[in-house]
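First up is the structure itself, then whatever we jot down about it.
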Amino acid sequence: EAGVTQFPSHSVIEKGQTVTLRCDPISGHDNLYWYRRVMGKEIKFLLHFVKESKQDESGMPNNRFLAERTGGTYSTLKVQPAELEDSGVYFCASSNTGQGGTGELFFGEGSRLTVL
Amino acid sequence: GQSLEQPSEVTAVEGAIVQINCTYQTSGFYGLSWYQQHDGGAPTFLSYNALDGLEETGRFSSFLSRSDSYGYLLLQELQMKDSASYFCAGSTSGGFKTIFGAGTRLFVKA
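Chains A and B, in that order, are what the protein sequence lines are. So in my numbering, the last one in the first sequence is 104, and the numbering has no gaps at all. So in my numbering, the last one in the second sequence is 111, and the numbering has no gaps at all.
Below you can see the structure in the form of structure tokens.
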């Protein structure tokens, strides 16, 4: 069974440009999460999808960030326009509805974003 | 607010036992989980405690005390491959939202 996959693994862009990150969760997982880690800090929650619906987007930093999950399968996270402070590793994770109560999230390897 | 505190770094020798502590302030707390992350890799699930007490999985054990808002991860018979970052994470919202600490970097020396 394929795990959570993320693309690209690394992106270097200039301030003001746009970047779109993609996440393919484990097949059949209704819950999809986006997290971000800045060097040395916590893995910070950004938002949670249940199928195609945004369940909780309380962690999204501002309106430069837009997440979508059309059809309840893969998800994209767009940053437009990117700022220096957006640099970090963006992780996607998924879980089954039944696993939400056990705390088990399945993570991808992350997309490292560097904004110059 | 919601937060989890854990030490930034721990160093131990191969074969030893190490304990990584975690204290939390999380509204609607549901359970405490632990994740391991090797450099450049994906965080991987290690354990989950919903109830007070000790959960054991091989060389790893995890403990939770709800009354103290405290938990720990215990690693026994340390191996070099255990060098990694370890994150405690609190589940809220019925278990569907997970908040992470900043991670503890474990260095295992020969």
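Glycine residues also receive a C-beta, built at the ideal position from the N, C-alpha and C atoms. What you are looking at is a predicted structure, and each value in this text was computed from that prediction instead of being measured.
For the pair the stretch 102 to 111 of chain B and the stretch 74 to 87 of chain B, tell me if three or more CB-CB distances fall below 8 angstroms. yes
With a 10 Å radius around its C-beta and 16 neighbouring C-beta atoms as the bar for buried, classify H36(A) as buried or exposed. Reading the first sequence from its first residue, position 48 is the one you call residue 36(A). A residue is called buried once 16 or more other Cβ atoms fall within 10 Å of its Cβ, and H36(A) is buried on that count.
Please identify, using Cβ separations under 9 angstroms, the residues of the stretch 6 to 35 of chain A that lie next to chain B, in order along the chain. N19, Y21, Y23, R25, G28, K29, E30, I31, K32 and F33
Do you know how far the Cα of D12(A) is from the Cα of T58(A)? Along the first sequence, one-based indexing puts residue 58(A) at 70. Along the first sequence, one-based indexing puts residue 12(A) at 24. Their Cα atoms are separated by approximately 12 angstroms.
So which residues of chain B does E92(A) contact, with C-beta pairs closer than 9 angstroms? As a working note, residue 92(A) is residue 104 in the first sequence. S34, F46 and Y49, listed in chain order.
Alpha carbon to alpha carbon, how far is L47(B) from D40(B)? Give it in angstroms, no decimals. Residue numbering aside, residue 40(B) sits at position 39 when the second sequence is read from its first letter. Residue numbering aside, residue 47(B) sits at position 46 when the second sequence is read from its first letter. Distance between the alpha carbons of D40(B) and L47(B) is about 16 angstroms.
Proximity test, Cβ basis, 8 angstroms: F37(A) and chain B: Within the first sequence, residue 37(A) is the residue found at index 49, counting from 1. Not closer than 8 angstroms to any Cβ of chain B, the Cβ of F37(A) fails to qualify, so no.
Chain-ordered residues of the stretch 92 to 111 of chain B with a beta carbon less than 8 angstroms from chain A: S92, S94, G95, G96, F97, K98, T99, I100, F101, G102, A103 and G104
Thinking just about the alpha-carbon of each residue, which of K3(A), T6(A), S(-3)(A) and L20(A) is nearest to the one in F94(A)? Numbered from its first residue, the first sequence carries residue 94(A) at position 106. Check the Cα spacing between F94(A) and each of K3(A), T6(A), S(-3)(A) and L20(A): the tightest is with L20(A).
Distance, Y49(B) Cα to T58(B) Cα: Sequence index remark: in the second sequence, residue 58(B) carries index 57 (1-based). Sequence index remark: in the second sequence, residue 49(B) carries index 48 (1-based). Approximately 10 angstroms between the Cα atoms of the pair.
Less than 8 angstroms between the beta carbons of G107(A) and Q5(A), yes or no? Past the boundaries of the shown model lies residue 107(A); chain A is included only from -11 to 104, so the question cannot be answered.
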